[in-house]
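Here my numbering runs 1 ahead of the position in the sequence shown, where the first position is 1.
Idealized CB from N, CA, C, for every residue including glycine.
Only a predicted model underlies this, so the values are computations on that prediction, with no experimental measurement involved.
Just below is one structure, and these are the notes that go with it.
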Amino acid sequence: MWSMMNCDWILQIKKTSDEDKHVFELTGTRKVIIFPGTKLEFETRYYGNEEGNCFMTAVEFSKKHPYGKAVALMDLTYGFLEIKEEWLILPAILSAFVLSNFPDFSSPSEKANGTNA
């Protein structure tokens, strides 16, 4: 679990039935689940060859959007962020930094060298 000092945001890994997929929950003033891959609105866009890229989609769940609304796309390989909601800018940047240092999201060359960016 990771939390920001003097802030309500907490990033934690969620348990899933699929051992190979990591799902993260970002909670604070809103509830955001970070899923692997491109989801919802980001799924229909073309982002080039996804093989070798590590995309994560942040989806906000609320009373207004009970099935979720895609609010950010993170490419952890290249450090690309597309953020749709202003309130998510700081939590998304910090979450992307934390997730990019997560061992399973390191690039193949970093895994071979045993280092993380």
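- The C-beta distance from Ala71 to Leu82 rounds to 13 angstroms, too long to meet the 8 angstroms contact threshold.
- Across the structure, Leu91 and Tyr68 are spaced so that their CA atoms are roughly 24 angstroms apart.
- Leu77 has its alpha-carbon roughly 5 angstroms from the corresponding atom of Ser101.
- By the 16-neighbour rule on beta-carbons within 10 angstroms, Phe56 is buried.
- Cβ contact annotation for Lys22 (same chain, cutoff 7 angstroms, sequence separation greater than five): Pro37, in chain order.
- Val99 sits exposed, since fewer than 16 C-beta atoms from the chains shown fall within 10 Å of its C-beta.
- A check of alpha carbon separations from Ala73 across Gln13, Leu12, Val24, Glu42 identifies Glu42 as the nearest.
- Residue pairing of Thr28 in beta bridges, as defined by DSSP: Ile11, Lys32.
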